[in-house]
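K.L.:
Going by numbering that gives the first Met the number 0, the sequence shown opens with residue 0, and the numbers climb by one from there.
We put the beta carbon where it would ideally sit given N, CA and C, even for glycine.
All values reported here derive from a predicted model rather than from experimental measurement.
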Amino acid sequence: MTDDSVPWATGLTVAGFVAAVTGAAIVVLSLGLVRVHPLLAVGLNVVAAGGLAPTLWGWRHKLVLR
Numbered sequence: 000m001t002d003d004s005v006p007w008a009t010g011l012t013v014a015g016f017v018a019a020v021t022g023a024a025i026v027v028l029s030l031g032l033v034r035v036h037p038l039l040a041v042g043l044n045v046v047a048a049g050g051l052a053p054t055l056w057g058w059r060h061k062l063v064l065r
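1) Measure the CB-CB distance between LEU51 and ALA40 and report whether it falls below 8 Å.
2) Going by DSSP in three states, PRO6 sits in which element: helix, strand or coil?
3) Output the boundary residues of the alpha helix (DSSP H) element that contains VAL41.
4) Under the three-state reduction of DSSP, which class applies to VAL17: helix, strand or coil?
5) Taking only three categories from DSSP, how would you classify VAL63?
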């Protein structure tokens, strides 16, 4: 008999840590840009999200090997 359990705790911990670090980085960089010009911060965040969206959308169908 094999144990094919999924390590949910480890995966969710890593995902939460990565999300927290990424979110903190985005907030800090956006606050720095807001001090220069608010529209600059909004514009650069929209450009970054627009550039990342097609890549993430394409990864939906990629198989994950474990």
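P.N.:
Put simply:
1) No, they are not a contact pair.
2) Note: PRO6 maps to coil in three-state DSSP.
3) 37–57
4) VAL17 falls in the helix class under three-state DSSP.
5) coil
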